[in-house]
Amino acid sequence: MTAHTAAPHLAAPGVRIRDLTVVYKTPAGELPAVRGVDLTLAPGTITGVVGESGSGKSTLALSLLNAVQPPGRIAAGSVEIDGLGDVVTLRGEDLRRARGRQVGYVFQAAQNSLNPLKTIGKQLLDLGRSHDVEDLRALVRDAKELLARMGMDGARVLDSYQHELSGGMRQRVGIMLALVLNAKVVVLDEPTTALDMITQATILRIIREVHEERALTTLVITHDVGAVAEVADSLAVMYGGRVVEHGPVTEVLGDARHPYTQGLIRAIPRLTGDLSLARALPGRPPTLGTLPAQGCVFRERCDRRMEVCETDEPMSVNRDGRTVACHATDRHLTLVKRKEFV
Amino acid sequence: MTHAVPGRPRLGAIARKIGGHLVRGLAMIWVVATISFVIIREIPGNPVLGQYESLIQKGMSPEQAERATAVLYGFLPTGNLWQQYVGYMGSLLHLDLGRSLSTPGVDVTTLIGHAARWTVLPVLAGTLLSFLLGVTMGVYAAIKRSGKLGDLLALSGSLLHGVPVYVIGLLLTAIFATLWPIMPSGGPVDVEFVPGFNAGYIGSLVHHAVLPVVTYTLASYGGWILAMKSNVVAVLGDDFILAAELRGLRRGFVFRYLARNAILPLFTILALSIGMLFGGSIFIEEIFNYPGLGLLLVNSISSRDYALMGGTFLVITVGIVVANIAADLLYTAIDPRVRSGGVA
Amino acid sequence: MTVIVNPEGAISPEAAPAGTTRATLRRNFWRGVWRVLRRKPSRMAGVVIVVLFAVMGVAGPLLYPAQLPRDDDALYAPPSLAHPFGTDFEGTDVLALVVTGARYVLLTGLATAVITVALGTVIGLVAGFHRGRWDMLLMRLTDMNLAIPGLPLLLVLSTVWKFESPLEMGLVLGVLGWGGIARAVRSQTLSLRERGFIEAARGLGLPTRHIIGRELLPSMAPYIAMNMLIAVTGAVYAQVGLFFLGVLPFESNNWGVMLNLAVFNGGALTTPAALPYLLAPLIAILLLTLGIVLIVDAMDEIFNPRLREE
């Protein structure tokens, strides 16, 4: 991991999250925000993770950089990235160097991810120096190219302070900083939240284009099913810290198998047709403290709930390239133990 | 807004800001001068009139007596309120603060000029030291805030912050000058040394300055450590610190990002702090017998030298106003958010 | 039962699930207070100290004869069993002086705190609530109040008016010191306004007095209470200092006067003889300050649950 420029034609790395459990320390003990999650990001794909607030999706995203903040910690599992190894085992300087160089992270637009007291350009140089970039001028050139690619005047932006840029511009600067060191795995946390619709569309387009040009493996976290439908190749649905469904995006959205996914889609009002057809999911998502200790996490709000749902956690069943964790979906088939899937 | 950077610091904006400060400062000075004037006139026994009359008794003609009194106080002893006020303001504009009674024949301005250094230098030294110490300890207290050390630091800051400056001064003197005489207990310098750039004089100056400066430092330190700690804790929770870590920035950079952002708001308190020390200098100079502005003010009251009193009060206020303006300008120069005309 | 929307999410005795009586809520509140106090025993000490001083203020002068006894044979006597802090320049027991002097100090402190807080709160509320021209005017006024050097002004003022009674002293100090609270209350009001509380209440058609009295003030009440305690320490500082400087009339059991006499008459700074005479009021001031700081610290934790998460 010494050359700072990984040429775009190098293969995109795959990411395999296995049995990941992240807990948070509360007065009531350590409670899981992410429980036993298996997720594979196929090389070169954009995976969207959708879920309500508190589903654990942001925690999952941070885990890819082993950056879960106290009082949380990764309690079990592994996050393997091709070419890097298990991120969970990285510490100290190794971890610091991997962040930004191998794995890029883009913050939400609403968050201030930039130092308000320094120009963007200076922060870029700090970034370069932290990662032992020898040719800083080339780095600045790359940054300007990236910014131009996203429709901005690179020189002026690098010369500006954060408060002189609009929300959409800051978001793009965040994307630039995540990519400028040629990371091959990029995580975007709610990239379109807090942006107006037009900017949202632009950002989504940029994500898609940049992803293809640089042969990245991308993870997009969002609660906006519409955004994910536009940009992702495969879609994972999270609820209460578990992945309840995962598969190619068109299939998951077109033929949802898990009751939660079905409920989500049912809740989306159509542009045409009867508005009253849209039905919201009853109940509320669980918080850290209200997670059931056993049985299916979703059972309180499920319309297909059965007795077994109270006691047994549904295992993830993989069939035809799609994974679902629900007792009600494949009643006739015997439960197959967890398999690797693509 | 799709275009990038709006205009950088416009000269016009900065000039307007300075102008605003100046206007407010002048307004303050004017208020204080008016208060002085009113009080001097209201003093029981009407010293101004009394002076005038006693001079006449001594044989001066009324016009001479009038003029002599006017020189002393800056306004005519006779005439109505408005005339006197205008006269007073007039002399102020000429930077004439009258003449001292207790040190006969000497201009108030001269006395103040001599006294100023004994106030300004220790106050500045104390402010600087307390700032440096408080800020450093504040960072520490913030980082260790979940442990006993952090708690202790914060508590020590709270306590010192709440203790009046003269209590600190008296205690320090009691311990280090009376019980354990390693420090001199009074005066700015040992009289046996000849003033000048010789080692003996300067050494003695410094020796005598230790306790007063330490007192100023301890008195202000609490405020700095508390403010810095709370700022650091606030910035620690800010997203850009986490973002910097997630981008793999070196620890040194992250720390600097943290420190600069946390310190910046403190500059607004800098002026306030200097202002408070100016006020507290009255106590310190009394206790340590330093011939500064504070002592001058107190002595002028007890010796009924009211022109001196008014003049000193005014100058102290001017000092505070200047400190305020300077600190504000400093802040403007450092914070890029304010420079571009945005709201910090 | 009124449900008060508390923007800080802090303990508000009135917000509760249906069915709980007010008494239960109040009990729960005090239980929470007890828990906070117990967690850091230093805070308990703070309460004890302040209560002690309060008792001293109320009962102190009753323990001694109206005219404290002098003893010409024991001027500046060293500490002994009979006189734990020695005696003063006319042989009176120093401890007695401190205890009887507490009443004046506390009364003045209280008077100042009440006036400071009343003035500051009203001005801050009006400025934050009405904004616009009122705000600008009041803020300019506050700026001036904050910037004018208080102590020099007090000294200058003392030439024309000897404000020695607790009420007079409280008035003067209060009028000089409301600036800080006004600013703080105003910023609290503005932030509440920003969170939409005022707009919502207005939208509901609630009268202004109700909004201020029932919505704004209760949520700021703990904050105001804490500021009041802090104002007491400031007042103690100011009045003792004024008497120490010798610009106000003399009262031999006044702590400030004691300091003055110890330093300037007794030479406490040069010879150890009058040191106990100097130290006694100093220690009293320190203890009182300590007690109040600890209580404010406890109040901060009680009313700012966010801190408790650390």
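Each protein sequence line maps, in turn, to chains U, C and W.
Just so you know, we're using our numbering here: the first sequence kicks off at 927 and counts up by one.
Just so you know, we're using our numbering here: the second sequence kicks off at 744 and counts up by one.
Just so you know, we're using our numbering here: the third sequence kicks off at 749 and counts up by one.
Cβ atoms here follow ideal geometry from the backbone N, Cα and C, with glycine treated the same way.
So what does DSSP say about residue i, is it helix, strand or coil?
i: residue 1238 of chain U; result: coil
i: residue 1000 of chain U; result: strand
i: residue 834 of chain C; result: helix
i: residue 1076 of chain U; result: coil
i: residue 898 of chain W; result: helix
i: residue 1098 of chain C; result: Examination of residue 1098 of chain C is not possible in this model, given that chain C is present from 744 through 1087 alone.
i: residue 965 of chain U; result: strand
i: residue 1200 of chain U; result: coil
i: residue 1016 of chain C; result: helix
i: residue 978 of chain U; result: coil
i: residue 1086 of chain C; result: Low per-residue confidence applies at residue 1086 of chain C: pLDDT is 40, beneath 50, and the placement is therefore not dependable, though the value from the model is reported in the following sentence. Three-state result, residue 1086 of chain C: coil.
i: residue 820 of chain C; result: coil
i: residue 970 of chain U; result: coil
i: residue 946 of chain U; result: strand
i: residue 904 of chain C; result: helix
i: residue 1012 of chain U; result: strand
i: residue 1251 of chain U; result: coil
Examine chain D for any beta-carbon lying closer than 7 angstroms to the beta-carbon of residue i, and answer yes or no.
i: residue 904 of chain W; result: Note that chain D does not occur in the displayed structure, where the protein chains are U, C and W.
How big is the Cα-Cα spacing for residue i and residue j?
i: residue 1019 of chain W; j: residue 920 of chain C; result: 9 angstroms
i: residue 1021 of chain C; j: residue 868 of chain C; result: 12 angstroms
i: residue 990 of chain U; j: residue 964 of chain U; result: 13 angstroms
i: residue 1070 of chain C; j: residue 1075 of chain U; result: 43 angstroms
i: residue 1144 of chain C; j: residue 885 of chain C; result: A query on residue 1144 of chain C cannot be resolved here, the shown segment of chain C reaching from 744 to 1087 and no further.
i: residue 1249 of chain U; j: residue 983 of chain U; result: 17 angstroms
i: residue 894 of chain C; j: residue 903 of chain C; result: 14 angstroms
i: residue 763 of chain C; j: residue 1097 of chain U; result: 37 angstroms
i: residue 759 of chain W; j: residue 980 of chain C; result: At residue 759 of chain W, the pLDDT of 42 sits below 50, so the modelled position is not reliable and the matter cannot be decided from this model.
i: residue 1188 of chain U; j: residue 1011 of chain C; result: 56 angstroms
i: residue 817 of chain C; j: residue 769 of chain C; result: 19 angstroms
i: residue 955 of chain W; j: residue 771 of chain W; result: 29 angstroms
i: residue 1050 of chain U; j: residue 1058 of chain U; result: 12 angstroms
i: residue 941 of chain C; j: residue 949 of chain C; result: 12 angstroms
i: residue 943 of chain W; j: residue 970 of chain W; result: 19 angstroms
i: residue 967 of chain U; j: residue 873 of chain C; result: 55 angstroms
i: residue 1166 of chain U; j: residue 1143 of chain U; result: 25 angstroms
Quick check: is the beta carbon of residue i nearer than 7 angstroms to any beta carbon in chain C?
i: residue 1031 of chain U; result: yes
i: residue 1056 of chain U; result: yes
i: residue 1087 of chain U; result: yes
i: residue 989 of chain W; result: yes
i: residue 871 of chain W; result: no
i: residue 895 of chain W; result: yes
i: residue 1038 of chain U; result: yes
i: residue 981 of chain W; result: yes
i: residue 1022 of chain U; result: yes
i: residue 1108 of chain U; result: no
Are the C-beta of residue i and some C-beta of chain W separated by less than 7 angstroms?
i: residue 944 of chain C; result: no
i: residue 909 of chain C; result: yes
i: residue 1041 of chain C; result: yes
Within 10 angstroms of its Cβ, does residue i collect 16 or more other Cβ (buried), or is it exposed?
i: residue 891 of chain C; result: exposed
i: residue 943 of chain C; result: exposed
i: residue 759 of chain C; result: exposed
i: residue 975 of chain W; result: buried
i: residue 837 of chain C; result: exposed
i: residue 951 of chain U; result: exposed
Taking CB distances under 7 angstroms as the criterion, tell me whether residue i reaches chain U.
i: residue 986 of chain C; result: yes
i: residue 982 of chain C; result: yes
i: residue 1008 of chain C; result: no
i: residue 739 of chain C; result: The structure shown does not extend to residue 739 of chain C, since chain C is modelled only from 744 through 1087, so no value can be given for it.
- Message: With a threshold of 8 angstroms, are at least 3 pairs of Cβ atoms found where one atom belongs to the region 805–817 of chain W and the other to the region 986–994 of chain W?
- Response: no
- Item | Inter-stretch contact (C-beta, 8 angstroms, three-pair minimum) for the region 1040–1053 of chain W and the region 780–792 of chain W | yes
- Item | the region 917–926 of chain W touching the region 864–880 of chain W, judged by at least three CB pairs closer than 8 angstroms | yes
- Does the count of Cβ pairs from the region 1192–1205 of chain U and the region 1215–1229 of chain U closer than 8 angstroms reach three? no
- Query: If we count Cβ pairs, one from each stretch, closer than 8 angstroms, do we get three or more for the region 944–960 of chain C versus the region 1002–1018 of chain U?
  - Reply: no
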